[in-house]
Amino acid sequence: NILAEFTLFGDREFYKDWWNATTVEEYWRKWNQPVHKWLTRTVYFPSMRLGLTQYPAILMVFFISAIFHELMVGVPLQMLRAWAFMGMMGQVPLIAISNLLKRKLKSDLIGNVIFWVSFCIFGQPMAVLLYYHDFIQEHM
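Just so you know, the UniProt record's numbering puts the end of the sequence shown at 140, numbered straight through with nothing missing.
Put into C-alpha cells, the structure is as follows:
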C-alpha cells in the first residue's frame with residue numbers, strides 16, 4: 001500500500017487492540033502503529049541517545065505529536081488555537097496517573113476507564129466543540 005511505501009514501514013499492522021488498553025500509555029502504543037513506530041524511531045530513541053531519561057523522552061514525543069496534531073486541525077480551519085496541542089500534551093499527566101493507579105490498585109480496569117472517559121467522553125468531543133465554537137465565532 002502507498003502509506004507503507006511513503007513511511008518505509010512494510011508491515012500492514014495499523015493498530016492493535018487499543019480498546020483493551022489498561023493504561024493511557026498502552027493506548028498510545030497500540031492506537032496508530034505506523035505513527036508510533038515513526039515517532040519511536042525518529043524522536044524517542046534519538047532523545048534517549050542524547051541523554052534524556054524515559055519520561056523527558058516521552059514528553060518530547062508528545063510535544064512533537066502535539067505540534068503535528070495542531071497543524072492537522074488548525075491549517076485546514078485556518079486558525080491555530082492550540083486545542084489539539086493542549087489535548088495531546090494533556091495525555092502526559094494522564095499516562096503518569098493511569099500507570100500509578102494501575103500499580104497501586106493492581107487493577108487493569110482503572111486505566112481503561114481513564115482512557116475511555118478522558119479520550120472518548122471529554123477529550124476529542126471537547127476539542128471538536130472548542131474548534132467549532134471558535135470557527136463559528138470567527139466566521140459568523
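Using N, Cα and C, we set each Cβ at its ideal position, and we do this for glycine too.
In terms of residue numbering, what span does the alpha helix (DSSP H) encompassing aspartate 134 cover?
Here the alpha helix (DSSP H) through aspartate 134 covers 124 to 139.
When the Cα atoms are used, what is the spatial distance from isoleucine 114 to glutamate 5?
So the alpha carbons of these two residues sit roughly 35 Å apart.
Among Val75, Glu70 and Arg49, which residue has its Cα nearest to the Cα of methionine 86?
Checking every option, the nearest Cα to that of methionine 86 belongs to Glu70.
Can you find the residues in the same chain that come closer than 7 Å, C-beta to C-beta, to aspartate 134, ignoring five residues on each side of it along the sequence?
Cβ neighbours of aspartate 134 beyond the five flanking positions: Met79 and Arg81.
Going by beta-carbon coordinates alone, are glutamine 33 and phenylalanine 14 separated by less than 8 Å?
Taking 8 Å as the Cβ cut-off, glutamine 33 and phenylalanine 14 qualify as a contacting pair.
To the nearest angstrom, how far is the alpha carbon of asparagine 20 from that of phenylalanine 119?
Straight-line Cα distance between these residues: approximately 14 Å.
Less than 6 Å between C-beta atoms, sequence neighbours within five positions excluded: which residues of the same chain meet that for alanine 57?
Excluding residues within five positions, the ones whose Cβ falls inside 6 Å are Tyr44, Ser47 and Met48.
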